[in-house]
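Residue 366 in this note's numbering is what sits at position 366 of the sequence shown, and the numbering runs on without skipping anything.
Every residue gets a Cβ at the ideal spot worked out from N, C-alpha and C, and that includes glycine.
Beneath this line is the structure, given in structure tokens, with notes to follow.
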Amino acid sequence: MRFPTLPIWSAKKRSVASVPKDKNKDRSQVRVGIPKVLNIWTTHQFWVGFLKSIGIESENIVFSSDTSEEQGREFGKGRGTVDCCYPVKAISGHYGELVFGQKKKINILLSPMIHSLPSVLHGHVVDTVTCTRVMAGPENIKAGFLKERDVFGEAGITYASPFVSLGDRHMVTEQLHTSLKDVFNLELEETERAVKAGFEALDSFTEKARKQSRDILTWCAKNQKPCILVLARPYHMDTGIGHEIEGDLQAHGYPILWLQYLPGDEDLMNWLFEADMQMGRIKSPFDISDVWMSSYSSNTNEIMWGAKVAARCPWITCVVRLSSYECGMDQPTYTPTQKIVEATGTLFFKFGDLDSTKPAGGIKIRIETIVHYLAKYSQKIMQQKLEWLSPNCPLGPLPAFAPPDAVQEGPAVAQQVHSSPS
Ligand code: SF4
Numbered sequence: 001m002r003f004p005t006l007p008i009w010s011a012k013k014r015s016v017a018s019v020p021k022d023k024n025k026d027r028s029q030v031r032v033g034i035p036k037v038l039n040i041w042t043t044h045q046f047w048v049g050f051l052k053s054i055g056i057e058s059e060n061i062v063f064s065s066d067t068s069e070e071q072g073r074e075f076g077k078g079r080g081t082v083d084c085c086y087p088v089k090a091i092s093g094h095y096g097e098l099v100f101g102q103k104k105k106i107n108i109l110l111s112p113m114i115h116s117l118p119s120v121l122h123g124h125v126v127d128t129v130t131c132t133r134v135m136a137g138p139e140n141i142k143a144g145f146l147k148e149r150d151v152f153g154e155a156g157i158t159y160a161s162p163f164v165s166l167g168d169r170h171m172v173t174e175q176l177h178t179s180l181k182d183v184f185n186l187e188l189e190e191t192e193r194a195v196k197a198g199f200e201a202l203d204s205f206t207e208k209a210r211k212q213s214r215d216i217l218t219w220c221a222k223n224q225k226p227c228i229l230v231l232a233r234p235y236h237m238d239t240g241i242g243h244e245i246e247g248d249l250q251a252h253g254y255p256i257l258w259l260q261y262l263p264g265d266e267d268l269m270n271w272l273f274e275a276d277m278q279m280g281r282i283k284s285p286f287d288i289s290d291v292w293m294s295s296y297s298s299n300t301n302e303i304m305w306g307a308k309v310a311a312r313c314p315w316i317t318c319v320v321r322l323s324s325y326e327c328g329m330d331q332p333t334y335t336p337t338q339k340i341v342e343a344t345g346t347l348f349f350k351f352g353d354l355d356s357t358k359p360a361g362g363i364k365i366r367i368e369t370i371v372h373y374l375a376k377y378s379q380k381i382m383q384q385k386l387e388w389l390s391p392n393c394p395l396g397p398l399p400a401f402a403p404p405d406a407v408q409e410g411p412a413v414a415q416q417v418h419s420s421p422s
């Protein structure tokens, strides 16, 4: 049976008339606002590269601020959605900030409906689609700005919400040309060039971030020091969604790795998963079929894979799991991820049901608990995990373990590998 939702979304009409047609296609004065929400956190470079390629000036690409209660109160009040997870509900505040909160008005509000994501696991899993709430989020939130009157139209803003499968690159040019040609007065060829530029920008950023993560692991290996892996969805990098829990831990001297930017280098991954492949449990280091069969959802797949990496990687002695209130996608993953991580004695701490308010007191107590366990058990965990691996560590020769001591200062590269588009 034909499922008409996708064509309807792809052909969605914008809110008001498009940017005026210009023979020279001079778009240098066009200002585009992008709500910094959901999977924009790991795909922002694609949108920046795409827009710059079609002639939008860097200073005219505006991202909304990080999520905050104030943002929601000031700009999203009365436009919220009911019965949804916090990361989606919070989008109303981002839309409102872009519409009402700009000194220099935007012309276009670009809020893509991202259907699938680029992923290091692409080709090793069933699919890399996004959560349905993520995909439909822009439609859901837009309704709050149209229910009484067309707020975008009144503000002279064109609302554009292209449906796009960033995980299936061959589809992107056609999807974006269909949905944005009237918005930006785009030709097919320039859309093609812009898509290419977008992916180049995204790939280059991701590669750089993965390289930084590898540098952190190399430092840890050289100094036999532990680090922490954050298992979370991309938007937990938003300080108003993830509440900077990882920042508080980093302040105690523990380098932080984000799942989204774990190095997927062949040498390192083959070393970590060598035994599993020899036993025939998995076909490649990116195969998660041993722990997660229904591998359709991109972020869920990566969370399961990250748990497996953490369980094997000696210097990741602790996993911090973040999850938002009302997250339907995370519910079935809580027990498996915890069991995978703890199977090798790696520490596991979960902050579930994160919402708008930052429970500062509770977080502080839990941070102290985590730091205590890290200091007490990290050396033992590293030694044990190293014994299970071959001695040919691709991160370089490993020194002998020093007697337990206080946590040292972090490495020069031990900054949080973070993906802020601002
Ligand atoms: S993955 Fe969870 S938190 Fe994220 S949009 Fe979906 S239901 Fe909400």
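Contacting residues, own chain, Cβ-Cβ under 7 angstroms from residue i (five flanking each side not counted)
i    : result
D267 : P394
R469 : Look at the range of the chain in this structure, 1 to 422, and you will see that residue 469 is not part of it.
S68  : G240
G101 : F75
E326 : C84, C85, Y86
I91  : P35, V37, G137, I141
L51  : V32, I61
Sequence-distant residues of the same chain with beta carbon closer than 8 angstroms to residue i, five excluded per side
i    : result
N107 : V19, V30, R31, V32, G156, I157, T158
N392 : W271
E302 : S119, V120, L121, L259, Q260
G396 : T218, A221, K222
N60  : S28, Q29, V30, R31, V32
Rounded Cβ spacing between residue i and residue j (contact assumed at less than 8 angstroms)
i    : j    : result
K424 : G55  : In this structure the chain extends from 1 to 422, so residue 424 is not present and cannot be described.
R115 : M135 : Residue 115 is actually His in this sequence, not Arg. 6 angstroms between Cβ atoms; contact.
F348 : R366 : The pair is not a contact, with the Cβ atoms about 13 angstroms apart (cut-off 8 angstroms).
T43  : L217 : 25 angstroms between Cβ atoms; not a contact.
P226 : L374 : 6 angstroms
A197 : Q45  : At roughly 10 angstroms, the Cβ-Cβ gap does not stay under 8 angstroms, so A197 and Q45 are not in contact.
L110 : V99  : Not a contact, Cβ separation roughly 13 angstroms.
T128 : N39  : Not really, about 11 angstroms apart at Cβ, beyond 8 angstroms.
L146 : A160 : Contact doesn't hold; Cβ gap of about 14 angstroms is too wide.
M304 : W292 : 4 angstroms
CA nearest to the CA of residue i, picked from the options
i    : options                : result
G80  : R73, E74, K89          : K89
T191 : L347, V126, E174       : E174
L117 : K211, T300, Q224, L146 : T300
S297 : L202, R193, P332       : P332
T132 : D330, G345, M237       : D330
I381 : A194, E59, I316        : I316
D203 : V371, L386, V48        : V48
L322 : R233, F286, P263, G361 : R233
P336 : A311, I40, E97, N60    : A311
G242 : M277, I40, D66         : D66
K385 : A251, A400, P314, P263 : P314
G352 : G345, A343, G362       : G362
M171 : V195, M237, I228       : V195
I256 : I40, I245, G280        : I245
D248 : K364, M279, M277       : K364
G96  : T130, G137, T128, I141 : I141
P263 : F205, V371, S53        : F205
Y254 : V291, V371, H94        : V371
S294 : H124, F50, S64, H94    : H124
Rounded separation between residue i and residue j - CA only
i    : j    : result
I288 : S213 : 21 angstroms
T178 : V319 : 42 angstroms
L354 : E189 : 44 angstroms
V126 : T369 : 38 angstroms
S378 : F152 : 53 angstroms
G306 : I34  : 29 angstroms
S356 : E70  : 10 angstroms
K339 : N223 : 28 angstroms
L186 : V62  : 20 angstroms
F273 : D238 : 31 angstroms
G280 : H236 : 35 angstroms
A343 : G93  : 41 angstroms
A360 : A275 : 42 angstroms
K36  : D265 : 29 angstroms
K358 : R73  : 16 angstroms
V230 : E154 : 42 angstroms
Contacting residues, own chain, Cβ-Cβ under 6 angstroms from residue i (five flanking each side not counted)
i    : result
E429 : Since the first residue shown for the chain is 1 and the last is 422, residue 429 is missing from the structure and cannot be characterised.
P112 : P162, V164
H252 : V371
S324 : C85, Y86, P87, L354
P138 : S111, M113, S161
V341 : A307, A310, A311, V319, F348
I282 : D276, D290
A143 : none
Closer than 8 angstroms to chain C by CB, residue i
i    : result
F348 : Reference to chain C is not applicable here, since this structure consists of a single protein chain.
Pocket of the ligand SF4 (residues with CB nearer than 6 angstroms to any heavy atom), chain order: C85, P87, V88, C131, R133, V134, R233, S324, C327, G328, M329, D330
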